[in-house]
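Asker: Chains A and B, in that order, give the protein sequences. Residues in the first sequence are numbered from 0 upward in steps of one, following numbering that gives the first Met the number 0. Residues in the second sequence are numbered from 0 upward in steps of one, following numbering that gives the first Met the number 0. Even for Gly, the Cβ is constructed at its ideal location relative to N, Cα and C. Got a structure here, written out as structure tokens. Questions coming.
There are 2 protein chains.
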Amino acid sequence: MFDTLFRLERNSKDALYVQVYKHIKDSIESGKVKAHTKIPSIRQGAADLGLSRRTLENAYSQLLLEGYIYSKDRSGYYVSDIGDSVISANTHETKISFVPKPVPNRYFMGVDHFDFTAWRKCYDQVLLYENDKLLTEASPQGEYELRKEIAEYVLQARGVHCNMDRIVIGAGVQVLLGLLSVLLREMSIRSIAVESPGFTEVQHVFKDYFLDIKPIPITGHGLHMKELMKSKARVCYVSPTHQYPTGAIMPVSGRVELLRWAASVDGFIIEDDYDSELRYSGRPVPSLQGLDSGDRVIFLGSFSTILLPSVRISYMILPERFYRVYRGYMDKYRQTVSKTEQLVLAHFMKDGEFQRHLRRIRKKFSVKHGIAREALEKRLPEGIFVEDSSSGVHIPLRFERPVRMEELVEKCSAVGLKVRPITEGLLMFNFAILAEDKILEASDKLAELLEESFV
Amino acid sequence: MFDTLFRLERNSKDALYVQVYKHIKDSIESGKVKAHTKIPSIRQGAADLGLSRRTLENAYSQLLLEGYIYSKDRSGYYVSDIGDSVISANTHETKISFVPKPVPNRYFMGVDHFDFTAWRKCYDQVLLYENDKLLTEASPQGEYELRKEIAEYVLQARGVHCNMDRIVIGAGVQVLLGLLSVLLREMSIRSIAVESPGFTEVQHVFKDYFLDIKPIPITGHGLHMKELMKSKARVCYVSPTHQYPTGAIMPVSGRVELLRWAASVDGFIIEDDYDSELRYSGRPVPSLQGLDSGDRVIFLGSFSTILLPSVRISYMILPERFYRVYRGYMDKYRQTVSKTEQLVLAHFMKDGEFQRHLRRIRKKFSVKHGIAREALEKRLPEGIFVEDSSSGVHIPLRFERPVRMEELVEKCSAVGLKVRPITEGLLMFNFAILAEDKILEASDKLAELLEESFV
């Protein structure tokens with residue numbers, strides 16, 4: 000496995016585990032190592048290379064998360080099939096370069112996007128007239144007032160049917176996935192299928208709760224169903240409305256297929272409705288939960304992305320079988336969101352301010368997206384293309400000429416342009432944080448820096 | 000193990016697992032089963048009794064948490080030594096009855112205890128003049144402004160020496176212990192010693208992160224050191240300022256012994272500084288962290304207990320070795336506390352409002368405690384005694400005559416008296432939620448209900 004020519008460089012700016020990771024990744028991508036080949040165990044690899052097991056573990060984790068290798072229970076690690084049949088539609092995506100900061104910075108907003116006056120009015124309401132409620136601890140599941148508003152909102156906006164009793168509130172999607180991991184184990188479910196590539200921030204949680212992660216390649220239609228079957232997982236995590244990092248939307252055929260799969264294995268789907276509210280053209284994409292007649296979808300939503308980045312309120316909607324297990328857990332874990340902020344948000348929603356806010360940011364993003372897209376299409380150097388996208392806060396740029404990515408990212412950051420590399424051939428450009436009258440200038444600058452960065 | 004006379008009652012108001020739990024507990028307490036006897040595996044016990052493994056697991060978990068049994072790696076479960084030598088000082092505490100709601104309700108406060116005007120002023124400051132800060136996501140570690148205030152506060156109030164870089168903020172002690180569990184595993188630490196009896200809410204977290212929990216009996220001086228040594232654990236969790244549920248304070252000799260232990264095993268101590276701020280007589284008890292010269296204490300503090308029950312802000316202070324591991328994790332987990340509330344609290348502390356608040360509630364609790372104690376001492380029926388306590392919001396009542404506890408708790412709850420049973424011989428009475436002029440009346444009522452509940 001480890002080429003005799005493979006030498007670790009102690010003075011490299013890459014950490015040792017990154018060097019190991021890159022070496023294995025290159026061997027797989029170049030086809031030097033065939034699919035389903037067994038690779039050395041962590042112990043053996045560490046011995047071969049004279050490194051600590053920790054270093055090997057880190058390298059293997061990254062490879063697992065990105066889907067280059069897979070593990071079989073008690074048998075070891077094997078090279079994944081990343082062959083052309085699987086990801087043929089997006090060949091440029093199979094070459095995933097190491098992204099140093101795996102947490103996407105999805106929580107930025109322009110200064111003109113939020114109505115602080117209306118928000119403060121809700122605080123006043125709570126702090127002046129309802130402050131007796133603040134003298135007792137929050138309900139472990141979340142405040143009644145907020146769950147009621149969320150139930151109405153998800154029905155109207157996302158076609159999600161739910162009883163407010165099934166809503167659980169928590170300080171971020173990671174907190175809720177932690178609780179969910181505990182519930183999965185209670186239900187004797189030990190492994191979970193995830194999109195590959197996908198949200199590493201979600202996978203950290205599953206991993207830290209010792210769930211066995213099964214990365215499933217994504218195709219143009221959603222998850223690669225054969226691989227999903229093969230994985231033997233009964234639960235999968237997907238973000239069908241806005242697959243991270245590509246922003247792809249799972250077509251309804253893929254959704255239906257996924258629901259059929261869940262029914263056939265008596266399984267469940269965790270639907271992270273990430274960024275669904277940020278679609279600013281076309282019709283809203285229906286939620287999986289709304290399509291589901293079998294009570295097999297756990298729906299996850301968050302206010303951090305769309306309301307205010309500093310607000311940490313997310314929610315999940317549990318199918319009945321999960322809810323029953325959760326009831327036994329309710330007393331064990333305290334609520335993580337401030338009661339004040341829950342009540343404030345409930346007022347904001349009840350007063351119609353949240354809907355007004357959504358309309359406002361959708362409009363703003365749509366205008367900005369139009370300006371940025373047009374400007375980039377005119378200015379981009381040859382070999383770089385604007386990919387289709389009609390949601391979110393980023394414009395995806397596809398490279399068909401090699402670019403010195405790290406240098407590019409650094410230069411952008413130095414002049415205040417927010418970009419995020421996803422693969423060697425894909426870069427996300429955040430237009431949403433820019434004021435409208437700065438977008439032309441920013442697009443010019445980006446085009447210039449791109450030109451400078453060709454290899 | 001399972002007496003041939005042991006019959007499960009399907010119609011009992013006790014759940015099946017509670018019946019199993021009680022049966023085993025009684026066998027151990029009565030001496031029918033000797034210390035270090037191996038008990039059936041979960042699988043075997045389930046087969047013997049014709050119950051699900053889940054039921055047995057629940058019963059064993061409860062017994063483990065309360066220290067009646069212990070587990071050995073890969074070998075199974077054994078009866079703990081609960082003999083007189085270990086807990087001789089508190090014999091009435093060895094008879095721990097099943098407490099249906101294991102989460103202590105420590106977060107109640109009287110309506111006159113909090114200055115909402117000052118609090119709201121801090122919100123205005125943030126929402127009006129610093130709202131640009133709310134447009135970006137919170138720092139994963141916690142806001143600079145708040146960490147700065149906490150560093151000053153813990154030094155002045157608790158003698159804790161720390162650099163603000165070492166402070167990590169989270170939405171409650173459970174969130175921080177979850178992160179800590181991940182760090183412990185990163186450091187290849189797989190087991191943790193905890194006080195027995197102790198905070199079940201803390202133990203759930205360790206358990207859900209698959210740490211092997213070693214319950215160590217408490218003595219008059221702190222942890223039973225021989226048992227701690229025997230456990231082979233390298234990390235222990237203690238609440239030296241206010242051991243839950245007894246409220247006992249670990250004497251300095253016990254603290255020094257614990258620090259010596261940590262140095263001798265190259266280990267660490269997690270110090271939960273629970274309720275230290277609520278001492279209203281005598282001098283503050285020094286923190287373990289302040290006594291420690293070896294950088295071996297993780298200090299945990301929370302604002303929920305003392306500030307406002309609805310606020311979910313806790314913090315931990317990491318020794319350098321933990322901090323280095325944490326650095327690698329920072330990007331993986333997002334901050335769980337709302338940035339708004341962090342900044343508001345930072346203002347509240349900076350303006351001196353937090354100190355004023357502490358002085359106010361200490362004074363109020365001290366007055367109320369005096370009234371309640373005096374009233375109860377006059378009115379309590381024979382065989383019930385007020386135990387010494389000079390902190391917290393409860394007066395412990397010790398019973399030397401058998402009492403129908405469940406009935407008593409129900410009756411108290413029906414008339415609005417907050418009591419919490421700890422063991423068959425110990426009941427905590429919350430005086431702090433009562434208005435001053437209601438305490439005499441409440442004490443009368445409590446005395447009356449106690450009289451009615453004698454067996």
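What is the rounded straight-line gap between the Cα of ARG332 (chain B) and the Cα of TYR322 (chain B)?
Answerer: Working through the second sequence from its first residue, we reach residue 332 (chain B) at position 333. Working through the second sequence from its first residue, we reach residue 322 (chain B) at position 323. The displayed chain sequence assigns Tyr, not Arg, to residue 332 (chain B). If you take the alpha carbons of TYR332 (chain B) and TYR322 (chain B), they lie about 15 Å apart.
Asker: So the candidates are A:HIS393, A:SER412, A:ARG397, A:LYS444; which of them puts its Cα closest to the Cα of PHE428 (chain A)?
Answerer: Stepping through the first sequence from its first residue, residue 428 (chain A) is reached at position 429. PHE428 (chain A) has its Cα closest to that of A:HIS393, out of A:HIS393, A:SER412, A:ARG397, A:LYS444.
Asker: Does HIS112 (chain B) come out as helix, strand or coil in the three-state DSSP assignment?
Answerer: By one-based count along the second sequence, residue 112 (chain B) stands at place 113. It is coil, neither helix nor strand.
Asker: What does the alpha-carbon distance come out to for the pair GLU405 (chain A) and LEU299 (chain B)?
Answerer: Within the first sequence, the letter at position 406 stands for residue 405 (chain A). Within the second sequence, the letter at position 300 stands for residue 299 (chain B). Taking the straight line joining both Cα atoms gives about 40 Å.
Asker: Going by C-alpha to C-alpha distance, which of B:LYS37, B:HIS368, B:ASN57 sits closest to TYR328 (chain A)?
Answerer: Here residue 328 (chain A) corresponds to residue number 329 of the first sequence, with the count starting at 1. Nearest option by C-alpha distance: B:ASN57.
Asker: State the CB to CB distance for the pair ARG157 (chain A) and ASP294 (chain A), rounded to an integer number of angstroms; the pair is presumed to be in contact (CB under 8 Å).
Answerer: As a working note, residue 157 (chain A) is residue 158 in the first sequence. As a working note, residue 294 (chain A) is residue 295 in the first sequence. Actually they are not in contact, since the Cβ atoms of ARG157 (chain A) and ASP294 (chain A) sit about 17 Å apart, beyond 8 Å.
Asker: Any chance the region 176-196 of chain A sits against the region 355-363 of chain A, with 3 or more Cβ pairs inside 8 Å?
Answerer: No, the region 176-196 of chain A is not in contact with the region 355-363 of chain A.
Asker: Terminal residues of the continuous beta strand (DSSP E) containing LEU299 (chain B)?
Answerer: Working through the second sequence from its first residue, we reach residue 299 (chain B) at position 300. Run containing LEU299 (chain B): 296-301, per the beta strand (DSSP E) assignment.
Asker: Taking Cβ-Cβ distances shorter than 7 Å, what residues in chain A pair up with VAL324 (chain B)?
Answerer: By one-based count along the second sequence, residue 324 (chain B) stands at place 325. Those do not exist, as VAL324 (chain B) stays about 10 Å from chain A at its closest Cβ, beyond 7 Å.
Asker: Using 7 Å as the limit for Cβ to Cβ distance, is HIS203 (chain A) near chain B?
Answerer: Numbered from its first residue, the first sequence carries residue 203 (chain A) at position 204. So yes, HIS203 (chain A) belongs to the interface.
Asker: Identify the contact partners of GLN173 (chain A) in chain B, using a Cβ-Cβ distance below 7 Å as the criterion.
Answerer: By one-based count along the first sequence, residue 173 (chain A) stands at place 174. The contacting residues are TYR332, ARG333.
Asker: Taking LYS213 (chain A) as the reference, which of A:LEU126, A:LYS229, A:GLN18, A:HIS220 has the closest Cα?
Answerer: By one-based count along the first sequence, residue 213 (chain A) stands at place 214. That would be A:LYS229, whose Cα lies nearest to the Cα of LYS213 (chain A).
Asker: Please compile the residues from chain A whose C-beta is within a distance smaller than 7 Å of the C-beta of LEU133 (chain B).
Answerer: Looking up residue 133 (chain B) in the second sequence gives position 134. Those are LEU307, SER309, listed as they occur along chain A.
Asker: What residue range is occupied by the uninterrupted alpha helix (DSSP H) comprising ALA431 (chain B)?
Answerer: Along the second sequence, one-based indexing puts residue 431 (chain B) at 432. Unbroken run through ALA431 (chain B): none, as it is neither H nor E.
Asker: Could you tell me whether the Cβ of PHE209 (chain A) comes closer than 7 Å to any Cβ of chain B?
Answerer: One-based indexing of the first sequence puts residue 209 (chain A) at position 210. Yes, PHE209 (chain A) counts as interfacial toward chain B.
Asker: When DSSP labels each residue in this structure, what does MET249 (chain B) get in the three-state scheme?
Answerer: In the second sequence, residue 249 (chain B) corresponds to position 250, counting from 1. Here MET249 (chain B) sits in coil by DSSP.
Asker: Under 8 Å, CB to CB, which of the residues in the region 160-171 of chain A have a partner in chain B?
Answerer: If the cut-off is 8 Å between Cβ atoms, the region 160-171 of chain A has ALA170, GLY171 near chain B.
Asker: Kindly provide the ranges of any alpha helix (DSSP H) runs that are 4 or more residues long and lie completely inside the region 142-190 of chain A, ordered along the chain.
Answerer: Runs found: 143-157, 172-185.
Asker: Mapping the DSSP letters down to three states, classify LEU237 (chain B) as helix, strand or coil.
Answerer: On the second sequence, position 238 is the one that residue 237 (chain B) refers to. For clarity, residue 237 (chain B) is Val in the given sequence; the question names Leu instead. Three-state result, VAL237 (chain B): strand.
Asker: Can you pull the chain E residues whose beta carbon is under 9 Å from the beta carbon of ARG119 (chain A), in chain order?
Answerer: Here the protein chains are A and B, and chain E is not one of them.
Asker: Could you tell me which of A:THR339, A:TYR325, A:LEU133, A:VAL324 sits nearest to ILE312 (chain A), measuring between CA atoms?
Answerer: As a working mapping, residue 312 (chain A) is identified with position 313 in the first sequence. Minimum Cα distance to ILE312 (chain A) is reached at A:THR339.
Asker: I'd like to know whether the C-beta atoms of PRO380 (chain B) and GLU450 (chain B) end up nearer to each other than 7 Å.
Answerer: Indexing the second sequence from 1 puts residue 380 (chain B) at position 381. Indexing the second sequence from 1 puts residue 450 (chain B) at position 451. Going by C-beta atoms, PRO380 (chain B) is nearer than 7 Å to GLU450 (chain B).
Asker: Between which two residues does the beta strand (DSSP E) containing LYS444 (chain B) stretch?
Answerer: Within the second sequence, residue 444 (chain B) is the residue found at index 445, counting from 1. Careful: LYS444 (chain B) lies outside any beta strand (DSSP E), inside the alpha helix (DSSP H) at 438-452.
Asker: For TYR106 (chain B), which residues in the same chain have their Cβ closer than 7 Å to its Cβ, ignoring the five residues on either side in sequence?
Answerer: Residue numbering aside, residue 106 (chain B) sits at position 107 when the second sequence is read from its first letter. Since pLDDT at TYR106 (chain B) reaches only 42, below the 50 mark, its modelled position is unreliable, and no value is offered.
Asker: Give me the Cβ distance between GLU142 (chain A) and LEU290 (chain A), rounded to the nearest whole Å; I'm assuming they're in contact under 8 Å.
Answerer: Counting from one through the first sequence, the residue named residue 142 (chain A) turns up at place 143. Counting from one through the first sequence, the residue named residue 290 (chain A) turns up at place 291. With 8 Å as the limit, GLU142 (chain A) and LEU290 (chain A) do not qualify as a contact, their Cβ atoms being about 29 Å apart.
Asker: Going by C-alpha distance, which of B:LYS417, B:SER180, B:PHE364, B:ALA371 is nearest VAL201 (chain B)?
Answerer: Residue numbering aside, residue 201 (chain B) sits at position 202 when the second sequence is read from its first letter. Checking every option, the nearest Cα to that of VAL201 (chain B) belongs to B:SER180.
Asker: What residues of chain B sit near SER313 (chain A), judged by a beta carbon separation below 9 Å?
Answerer: Residue mapping note: residue 313 (chain A) aligns to position 314 of the first sequence, counting from 1. In chain order: nothing, as chain B lies at least about 10 Å away.
Asker: Under a three-way DSSP split, which group does ASN10 (chain A) fall into?
Answerer: The sequence position of residue 10 (chain A) within the first sequence is 11, counting from 1. ASN10 (chain A): coil per DSSP, three-state reduction.
Asker: Could you spell out the range, first to last residue, of the beta strand (DSSP E) harbouring ILE421 (chain B)?
Answerer: In the second sequence, residue 421 (chain B) corresponds to position 422, counting from 1. Note, ILE421 (chain B): beta strand (DSSP E), 418-422.
Asker: I need the straight-line Cα distance from LEU62 (chain B) to SER412 (chain A), nearest angstrom please.
Answerer: The residue you call residue 62 (chain B) lines up with position 63 of the second sequence. The residue you call residue 412 (chain A) lines up with position 413 of the first sequence. Their backbone Cα atoms lie some 56 Å apart in a straight line.
Asker: Using beta-carbon positions only, say whether LEU175 (chain B) and MET348 (chain B) come within less than 7 Å of one another.
Answerer: Against the second sequence, residue 175 (chain B) aligns to sequence position 176. Against the second sequence, residue 348 (chain B) aligns to sequence position 349. Result no, Cβ atoms of LEU175 (chain B) and MET348 (chain B) do not sit closer than 7 Å.
Asker: When you compare each of B:PRO318, B:LEU425, B:GLY351 to CYS161 (chain B) by their alpha carbons, which one comes out closest?
Answerer: On the second sequence, residue 161 (chain B) is found 162 positions in, with the first residue counted as 1. The shortest C-alpha separation from CYS161 (chain B) is found at B:PRO318.
Asker: Is there a C-beta anywhere in chain B that falls below 7 Å from the one on ALA137 (chain A)?
Answerer: Taking the first residue of the first sequence as position 1, residue 137 (chain A) is located at position 138. With 7 Å as the cut-off, ALA137 (chain A) counts as an interface residue toward chain B.
Asker: Nearest by alpha-carbon distance to ARG464 (chain A): which of A:MET186, A:ALA46, A:VAL17 is it?
Answerer: Outside the displayed range of chain A (0 to 454) lies residue 464 (chain A), so it cannot be described from this structure.
Asker: Would you check whether the ligand FMN has a heavy atom nearer than 6 Å to the C-beta of VAL17 (chain A)?
Answerer: Looking at this structure, you won't find the ligand FMN or any other ligand, since it has none at all.
Asker: Cα-Cα, which of A:ARG361, A:GLN288, A:VAL204 is closest to LEU154 (chain A)?
Answerer: Against the first sequence, residue 154 (chain A) aligns to sequence position 155. Looking at the Cα atoms, A:GLN288 is the closest of the given residues.
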